[in-house]
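Encoded as C-alpha cells, the structure appears first; notes follow it.
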Amino acid sequence: MKRVFFTMIMALIPVILWGQKASELVYTDARELMLINQGFDNTELYYSRLPADMKEVTRQAVWDLGLNSAGLAIRFSTDAKAIGAKWTLLNNFNMAHMAGTGIRGIDLYFLDENDTWRFIGTAQPNGKESSNLFVRNMSGKMRDYMAYLPLYDGVTCVEIGVDSSAVIGMPRSNLLTKGSRKPILFYGTSITQGGCASRPGMIYTSIISRDRQQEVINLGFSGNARMDKSMAEIVARVDAEQYVIDCLPNCTTQILRDSAYFFITYLAEKHPDKPIFMVENVIFSYTQVDVKSRNDLIEKNEYWRQLYKRLRKEGYRNLRYIPAKNLTGKDYEGSVDGAHQTDLGFLRMAKTFLRYLKK
10 MKRVFFTMIM
20 ALIPVILWGQ
30 KASELVYTDA
40 RELMLINQGF
50 DNTELYYSRL
60 PADMKEVTRQ
70 AVWDLGLNSA
80 GLAIRFSTDA
90 KAIGAKWTLL
100 NNFNMAHMAG
110 TGIRGIDLYF
120 LDENDTWRFI
130 GTAQPNGKES
140 SNLFVRNMSG
150 KMRDYMAYLP
160 LYDGVTCVEI
170 GVDSSAVIGM
180 PRSNLLTKGS
190 RKPILFYGTS
200 ITQGGCASRP
210 GMIYTSIISR
220 DRQQEVINLG
230 FSGNARMDKS
240 MAEIVARVDA
250 EQYVIDCLPN
260 CTTQILRDSA
270 YFFITYLAEK
280 HPDKPIFMVE
290 NVIFSYTQVD
300 VKSRNDLIEK
310 NEYWRQLYKR
320 LRKEGYRNLR
330 YIPAKNLTGK
340 DYEGSVDGAH
350 QTDLGFLRMA
360 KTFLRYLKK
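What follows is the structure in C-alpha cells.
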C-alpha cells in the first residue's frame, strides 16, 4: 500500500510543480505552420528530404535515409504560456551511441528581443506516437518559435500544442523563414545528418542556420555520402547561395577516383557563380594511434586537395577548400566514438564553417 501511494505521489509531482500536461494543450497540425530547410516541394513524405521523382534512380539506402527529417524545422508564432508537441515517428529508431532526444526528439527555440535564437527545451520521445511538453509557465508574450524535427528518424505527423487561451500561427518575423533568401546546402555523411548530437538543434547545419538567419538544407546520409551521380543531380537542382560538400568520411580513395571529378564538375557547371566548398575528412581521434586509419585518411585528403588544385587550374574558379586542421579543435574531445560528433564537436565545426561562409 505504501509503495502504491508513493508511486501515485511521484506521478503527481510534475503536475503539482508545473501545472500543465501535454494532454491538456490544444494542438495544431504543423502543416498549417511553416516548414523550413527543405530543398524540395515534391518529397515522398511531407517531412522528408529528397524529390519523389528521383526515387527510382537513387540507391535504396540513400532513399531510406532521405525519409529522416534531419535539419527540418517548424516556424511559428504564439502567445502561449505552455507549448508541447505530438508526433508520430516513422520507425522509432534507436542507437547505442546517440541520445534518443537527438534521434527521435524535437527541440524548441525562441527569437529574443535582439533577434537571436535561444534554446528553450526538448520534447523527449516516449514511443512511436510521442507527446511531450517543451515549456510551461511562460508570461503569454507573443513570440516567434522554431521546433527542430528528429535527426535519425522520420515523422509522419507533427502537431504543436498550446494552452487553450493562446493563438498560434505563421511566424511574425521574416527572419529565417521559407524563401526569405537563398539557402546554403550541405551534402555529407552521418555527421552532417546529425550523428551524434544530443538534440536536433545542435547539429552544425542548424547552428549555422541560426547564426546566419538563413535556411540550411541538410542532405546528410549516414554511411552513404558517396557522390552518386543521382545525388549530383539532386544537389544541383537546389538554387542555393553556397554549397558545401562534406562527404569524405564515407568515401575511399577509390570512390573519390571514380566519382569525385564528375560530381564536383557537374555541380560547378550547373552553378558557375556559386561558391562550392570541398571539405577535407575530419581528423578522427583514433588516427592518433591507428596507423592504417591515419594513412587512409591522409591519402583521401591528399587526393581531395590535388583534385581541388586540378579543377581550379581547369577553370572552376568558384571552388573553395576547407582543410581538416582545427575543424573540430586540437584536443580530440569533440566526438562520442572518435568520429561522430558531440554537441561540442558540432559547435566547433559550425564555427569553422562560418568563418569560411562569411568570407
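In my numbering, the protein residues as written are 10 to 368.
Built from N, CA and C at the ideal position, the CB exists for glycine as well.
Exposed or buried, what is residue i when buried is set at 16 or more other beta-carbons lying within 10 Å of its beta-carbon?
i	result
residue 136	exposed
residue 141	buried
residue 231	buried
residue 162	buried
residue 71	buried
residue 13	Annotation note: pLDDT 44 at residue 13 (below 50); position unreliable, coordinate value reported separately. Residue 13 comes out exposed.
residue 144	buried
residue 281	exposed
residue 103	exposed
residue 78	buried
residue 326	exposed
residue 106	exposed
residue 358	buried
residue 366	buried
residue 46	buried
residue 298	exposed
residue 241	buried
residue 61	exposed
residue 29	buried
residue 291	buried
residue 244	buried
residue 304	exposed
residue 26	Annotation note: pLDDT 40 at residue 26 (below 50); position unreliable, no value reported.
residue 178	exposed
residue 183	exposed
residue 223	buried
residue 188	exposed
residue 259	buried
Identify, in the order they occur along the chain, each residue of the same chain with its Cβ nearer than 7 Å to the Cβ of residue i, setting aside the five sequence neighbours on each side.
i	result
residue 385	Given that the chain is displayed from residue 10 to residue 368, the structure contains no residue 385 and the question cannot be resolved.
residue 157	82, 115, 116, 209, 210, 215
residue 289	257, 310, 313, 331, 332, 333
residue 248	191
residue 88	149, 150, 151, 175, 176
residue 55	40
residue 126	118, 120, 155, 219
residue 338	357
residue 321	328
residue 352	206, 207, 211
Give me whichever residues DSSP pairs with residue i in a beta bridge.
i	result
residue 97	138, 166
residue 155	84, 118
residue 38	168
residue 132	115
residue 126	120
residue 212	Paired residues: none, contrary to the question.
residue 43	84
residue 185	DSSP lists no partner for residue 185.
residue 287	254, 330
residue 194	226, 252
residue 200	Residue 200 pairs with nothing; no bridge assigned.
residue 60	52
Please check the pair residue i and residue j, which I expect to be a contact at CB under 8 Å, by giving their CB distance rounded to whole angstroms.
i	j	result
residue 345	residue 205	5 Å
residue 200	residue 225	Wrong, their Cβ atoms sit about 14 Å apart, outside the cutoff.
residue 170	residue 94	6 Å
residue 286	residue 254	7 Å
residue 113	residue 123	Actually they are not in contact, since the Cβ atoms of residue 113 and residue 123 sit about 32 Å apart, beyond 8 Å.
residue 270	residue 234	Going by Cβ atoms, the distance from residue 270 to residue 234 rounds to 16 Å, so no, they are not a contact pair.
residue 250	residue 283	7 Å
residue 229	residue 263	At roughly 22 Å, the Cβ-Cβ gap does not stay under 8 Å, so residue 229 and residue 263 are not in contact.
residue 268	residue 347	Actually they do not touch by this definition, with Cβ atoms about 26 Å apart.
Whose C-beta lies closer than 6 Å to the C-beta of residue i among residues of the same chain, with five residues either side of it excluded?
i	result
residue 96	139, 164, 167
residue 59	75
residue 31	93, 140, 141, 142
residue 360	none
residue 90	147, 149, 172
residue 8	Look at the range of the chain in this structure, 10 to 368, and you will see that residue 8 is not part of it.
residue 355	206, 211, 212, 213
residue 252	194, 285
residue 67	239
residue 131	110, 114, 116, 208
residue 48	226, 247
residue 341	294
Counting only C-beta atoms, is residue i closer than 7 Å to chain C at any point?
i	result
residue 37	No chain C appears in the structure shown, which is made up of a single protein chain.
To which residues of the same chain is residue i closer than 8 Å at the C-beta, ignoring the five residues directly before and after it?
i	result
residue 363	217, 220, 221
residue 349	106, 107, 199, 200, 204, 205
residue 317	287, 328, 330
residue 11	Any reading at residue 11 must be qualified, since the residue scores a pLDDT of 47, below 50, and its modelled position is unreliable; no value is offered.
residue 63	239, 242, 243
residue 266	312
residue 302	293, 295, 296
Next on the checklist: Which complete beta strand (DSSP E) runs does the segment 215-280 hold, if anything under 3 residues is left out?
Outcome noted: 225-229, 251-255
Checklist entry - Hey, which unbroken runs of the alpha helix (DSSP H) at 4 residues or more fall wholly within the segment 290-354? => result 300-322
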